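See structure below.
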Amino acid sequence: MRAATVAALLSLLLGLVFPIIPASAEGPDVAHEQSALIAAGRDPLPVGSIAVVRADGDCLRVRPAAGLSGTPLTCVASGSTATILPGTSDADGYRWQLVTASGFTGWVADVYLAAYGSPAPASGGATAGAVSPGPSAGTAACVSTVAPVRPGLNTTLSTTGLNLALWGGGTMNALETATESQGCTISAIYANRPNGAGLVSYLVGVPDFVNAEWQTAFAGGRIPGGTALMLICRASATQAVVSVPSPVPAAPAPRKIGLKPAPLVGAAAVAIVDGGSGELLYDKNATTPRPPASLTKIATAILAVEGTELSSGVTVDVDGQRMAALDGSSVMGLRPGDCYSMTDLLYGLMLPSGNDAAIAIARYEAGSEAAFVKQMNTLVHRLGLSGTTFTDPHGLGSPQHRSTAYDLAMMARYGMTLPQFREVVGAPLRTTSGSRNIALYNTNTLLQRYPGADGVKTGFTDEAGRTIVVSAVRNGHRVFVALLDDRYREDSAVALLDWVFQNYQW
Numbered sequence: 001m002r003a004a005t006v007a008a009l010l011s012l013l014l015g016l017v018f019p020i021i022p023a024s025a026e027g028p029d030v031a032h033e034q035s036a037l038i039a040a041g042r043d044p045l046p047v048g049s050i051a052v053v054r055a056d057g058d059c060l061r062v063r064p065a066a067g068l069s070g071t072p073l074t075c076v077a078s079g080s081t082a083t084i085l086p087g088t089s090d091a092d093g094y095r096w097q098l099v100t101a102s103g104f105t106g107w108v109a110d111v112y113l114a115a116y117g118s119p120a121p122a123s124g125g126a127t128a129g130a131v132s133p134g135p136s137a138g139t140a141a142c143v144s145t146v147a148p149v150r151p152g153l154n155t156t157l158s159t160t161g162l163n164l165a166l167w168g169g170g171t172m173n174a175l176e177t178a179t180e181s182q183g184c185t186i187s188a189i190y191a192n193r194p195n196g197a198g199l200v201s202y203l204v205g206v207p208d209f210v211n212a213e214w215q216t217a218f219a220g221g222r223i224p225g226g227t228a229l230m231l232i233c234r235a236s237a238t239q240a241v242v243s244v245p246s247p248v249p250a251a252p253a254p255r256k257i258g259l260k261p262a263p264l265v266g267a268a269a270v271a272i273v274d275g276g277s278g279e280l281l282y283d284k285n286a287t288t289p290r291p292p293a294s295l296t297k298i299a300t301a302i303l304a305v306e307g308t309e310l311s312s313g314v315t316v317d318v319d320g321q322r323m324a325a326l327d328g329s330s331v332m333g334l335r336p337g338d339c340y341s342m343t344d345l346l347y348g349l350m351l352p353s354g355n356d357a358a359i360a361i362a363r364y365e366a367g368s369e370a371a372f373v374k375q376m377n378t379l380v381h382r383l384g385l386s387g388t389t390f391t392d393p394h395g396l397g398s399p400q401h402r403s404t405a406y407d408l409a410m411m412a413r414y415g416m417t418l419p420q421f422r423e424v425v426g427a428p429l430r431t432t433s434g435s436r437n438i439a440l441y442n443t444n445t446l447l448q449r450y451p452g453a454d455g456v457k458t459g460f461t462d463e464a465g466r467t468i469v470v471s472a473v474r475n476g477h478r479v480f481v482a483l484l485d486d487r488y489r490e491d492s493a494v495a496l497l498d499w500v501f502q503n504y505q506w
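For the sequence shown, counting from 1, position 333 maps to 333 in my numbering; every step adds exactly one.
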């Protein structure tokens, strides 16, 4: 396709890149004129407060501008929460308020919002809770740091042919994961150059030098948020395709020089993987699927690092304190209405193993937990790992939520190639700088205990037992040890790391 033709099409059709919700499926924001008149006598909900969507069992449309004419950005389920942002307007017989809900920022008719903690109407939707924790001081400040475009692909793709999309920011790997999760395998991409000097193309499956202009235009491998893309898709060919580039083997696999067998440990499954070559050095039920607990968050963190603008402010609708009280969840400590950078949420995910942070990241990046889980499973498939099925972003999981020691070690190996991932999982502690200063401590005690340990994650549930993936470097050589269901996981990891460094030669 000639570049001039592509440029003309891209300019002409740019307005089509936002997700389309059929105009005929209108629902709450047009159907109840009497309710709108009643709402006119009520003060707007205060900025920074949390509201509950009361849409009579339907969903509430979030629009890019106040009024009924804008194409909805999303439709938020009745019973969900929304954070009130600065902005009120009257249009089309409704009062509209600016909100953040389910990872989207936009305008809603506030007749369908109720203060968080207020009693539900007799015939209304589900309530989100009985007591409001109150607004956070940083909510209004969060507005200035919200990314101009929501993360991911701001459209629903056709699985074949030409698609237009507005990219929310991230790496090429994140872009391919997002498209694959919608059934589109990219064959070519056209984008506006960041400096505005015309289009640049990227062809999939060709030598790097062919895409040299793309690599120059998007130095560092990240495509900025707000970049308009033309995607040429073909239907995903086979579930066997591996399309995420794994770390290139830096050296041959190490050879075993000692006769000493691996120490006996109580883990139900063990995998030891050489970081340089990806070779499996020791295997005890390494490919047997088991519940991974919070090791799930390795995949969650990879998607967040690759698929979001990490400096973006995120206003959350997750109540971590309530989660901890209900089921003893490990949490970062989020409250509805809190604003934190995506970087802070990553630390809250990986250091204290915050299940609330996992949900907040999933909703922000993909719009819903279900959509995010689809991307998690796409990532696993693209990495060529066949023993993993995720059903949630945190690991509390259903009986179908499973992974293997080998898969988890290989996910960690890929994650540790990403500088931001490495920085997060190697930090013993972090103090957030968002709505509140929260001190976050890393549950991976091997960072202080074992020389050379620099990541990655621990986990625990009653079903999974104690789990861990640890990375350690000695003499420039990195090794990953993954243990599932090991009561003495730290002691076992130390013994296995000592054994592999003493009995293998690089």
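Cβ coordinates follow ideal geometry from the N, Cα and C atoms, glycine included.
All figures in this text were calculated on a predicted structure; none of them were measured in a lab.
Where DSSP assigns a beta bridge to residue i, which residues make up the other side?
i, result
"R54", "Answer is none; R54 lacks a bridge partner."
"T230", "Note that residue 230 is Met in the sequence shown, not Thr. Partner(s): L164, Y190."
"D274", "V479"
"V577", "This structure does not reach residue 577, given that the chain is present from 1 up to 506, and the question cannot be answered."
"T171", "R222"
"V94", "A small fix is needed here, since residue 94 is Tyr in this sequence, not Val. Its beta-bridge partners are A91."
"R290", "S403"
"T389", "R402"
What's the call for residue i, buried or exposed, on a 16-neighbour Cβ count within 10 Å?
i, result
"A471", "Per the sequence shown, residue 471 should be read as Ser rather than Ala. Buried, because 16 or more other Cβ atoms sit within 10 Å of the Cβ of S471."
"F390", "buried"
"P291", "buried"
"R413", "buried"
"A36", "Note on A36: pLDDT 41, under 50, position unreliable in the model; the coordinate value appears next. A36 should be labelled buried."
"T216", "exposed"
"R42", "exposed"
"A453", "buried"
"T5", "With a pLDDT of 47 at T5, under the threshold of 50, the predicted position of this residue should be treated as unreliable, and no value is reported."
"Y282", "buried"
"M230", "buried"
"G455", "buried"
"D486", "buried"
"V200", "buried"
"N211", "buried"
"A178", "buried"
"D110", "buried"
"R478", "buried"
"V206", "exposed"
"A366", "buried"
Can you tell me whether DSSP reads residue i as helix, strand or coil?
i, result
"P419", "helix"
"A165", "strand"
"H381", "helix"
"Y202", "strand"
"R322", "helix"
"G333", "coil"
"V373", "helix"
"L157", "coil"
"T100", "strand"
"V265", "coil"
"L68", "coil"
"T179", "helix"
"V425", "helix"
"R42", "coil"
"A464", "coil"
"R430", "strand"
"A412", "helix"
On the DSSP letters alone, give me the boundaries of the beta strand (DSSP E) that residue i sits inside.
i, result
"D90", "81–91"
"Q400", "Taken as a continuous stretch (DSSP letters only), Q400 belongs to no beta strand (DSSP E), as it is neither H nor E."
"Y282", "280–284"
"T315", "313–315"
"T74", "74–77"
"V62", "59–62"
"L113", "113–115"
Report back the beta-carbon spacing between residue i and residue j to the nearest angstrom; my notes put them in contact at under 8 Å.
i, j, result
"T83", "G337", "5 Å"
"G395", "G465", "Rounded, the Cβ-Cβ distance is 12 Å, inconsistent with contact."
"G169", "T308", "7 Å"
"G275", "Q502", "The pair is not a contact, with the Cβ atoms about 17 Å apart (cut-off 8 Å)."
"Q420", "V305", "5 Å"
"V273", "M410", "7 Å"
"D356", "G320", "3 Å"
"Y347", "V424", "6 Å"
Between which two residues does the alpha helix (DSSP H) holding residue i run?
i, result
"W214", "212–217"
"G348", "342–350"
"R449", "446–449"
"R489", "489–503"
"A301", "297–307"
"A443", "Here residue 443 is Thr; the residue named in the question, Ala, does not match the sequence. Counting along the chain, T443 falls outside any alpha helix (DSSP H), and DSSP gives it neither H nor E."
"R363", "355–366"
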